[in-house]
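A quick write-up on the structure given underneath.
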Amino acid sequence: MTVPPLSYEDFLTTVERCTGVPAKTLRTDDPTVTIEDLGVDSLGLINVLTEFENRYDIELDAEGLTRLPEVHALINETLKPAGARTENHIVVDAPFDLVWDMTNDVAGWPDLFSEYASAEILDRHGDTVRFRLALHPEVDGKVWSWVSERVMDRANRTVEAHRVETGPFAFMNIHWSYRETGAGVEMRWVQEFHMKPEAPIDDAAMTERINKNSKIQLAHIKERVEAAALAGAGAAVAR
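Numbers in the working numbering are just positions in the sequence shown, counted from 1, shifted up by 113.
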């Protein structure tokens, strides 16, 4: 049985129940705040880990983890079932701040990706955003749409996402990472997924499809972000 990823809000609710620390205190936008800073002591953390171990019948080793998003990521990593995996990357010749801001502006994705017709923000809590994406209509007029959730960690330059409405997927988890290089910012996409038995295509076919489309979208994003960087540089010179 496939277990859906644990949302950050559900995670915080459990932490609140196990530690007594209010969720509004736990829900901080400051990436430097540690578990201890939030008032969660070692016993409280053990209670949280035990709760999830019993709930999912898993074992969790949180040694060395100092922040709640790290513990949340550990739980979802441990829950992750076997499936297919794709990995694609591109280097964008632009400042990190611009690359990060443009690629994480979900509402602006229809201008950044060629495949999306719309992106509607449904909910936002700090660095967690839930949204609905819709593709451009197919020839027969059918429009594919689904809800996803993303957790952005600017300090560590990573994004964790998953499809809430999975459609033909048993699950779809997405990891983005950013790394500055001498040639610009390397943006890497890792997608891990598994198709439902009744899906029209299997993991192998979807892997091929995702790899092909990821290259197209990454190239499109590179073009848009680099154009924005060039326009910004030109405006600065003009001043």
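Virtual Cβ for every residue (Gly too), placed ideally from N, Cα, C.
{"Check": "Nearest by alpha-carbon distance to Gly-152: which of Pro-250, Gly-133 and Tyr-169 is it?", "Outcome": "Gly-133"}
{"Check": "Just how far apart, CA to CA, sit Asp-150 and His-275?", "Outcome": "28 Å"}
{"Check": "For His-238, which residues of its own chain have a beta-carbon under 7 Å away from its beta-carbon, when the five flanking residues on both sides are left out?", "Outcome": "Glu-122 and Arg-140"}
{"Check": "Have a look at Leu-246, Arg-267 and Val-252 and flag the residue whose alpha-carbon is nearest the alpha-carbon of Ser-261.", "Outcome": "Leu-246"}
{"Check": "How long is the line joining the alpha carbons of Met-114 and Lys-193, rounded to whole angstroms?", "Outcome": "Low per-residue confidence applies at Met-114: pLDDT is 47, beneath 50, and the placement is therefore not dependable, though the value from the model is reported in the following sentence. Near 11 Å, if we compare the C-alpha coordinates of Lys-193 and Met-114."}
{"Check": "If we ignore side chains and look at the alpha-carbon of each, how far apart do Ile-171 and Ala-344 end up?", "Outcome": "51 Å"}
{"Check": "Could you tell me which of Ala-207, Tyr-229, Thr-127 and Val-146 sits nearest to Ala-341, measuring between CA atoms?", "Outcome": "Ala-207"}
{"Check": "Take Met-265 and list the residues in its own chain whose beta-carbon comes closer than 6 Å to its own, dropping the five residues that flank it on each side.", "Outcome": "Asn-217, Asp-240 and Val-272"}
{"Check": "Does the Cβ of Thr-147 lie closer than 6 Å to at least one heavy atom of the ligand ZN?", "Outcome": "No copy of the ligand ZN appears in this structure; indeed no ligand is present at all."}
{"Check": "Whose C-alpha, out of Thr-199, Val-161, Asp-210 and Thr-191, is nearest the C-alpha of Thr-126?", "Outcome": "Val-161"}
{"Check": "Could you tell me which of Glu-183, Arg-180, Leu-119 and Ile-323 sits nearest to Thr-199, measuring between CA atoms?", "Outcome": "Ile-323"}
{"Check": "So, helix, strand or coil for Leu-248, using DSSP?", "Outcome": "strand"}
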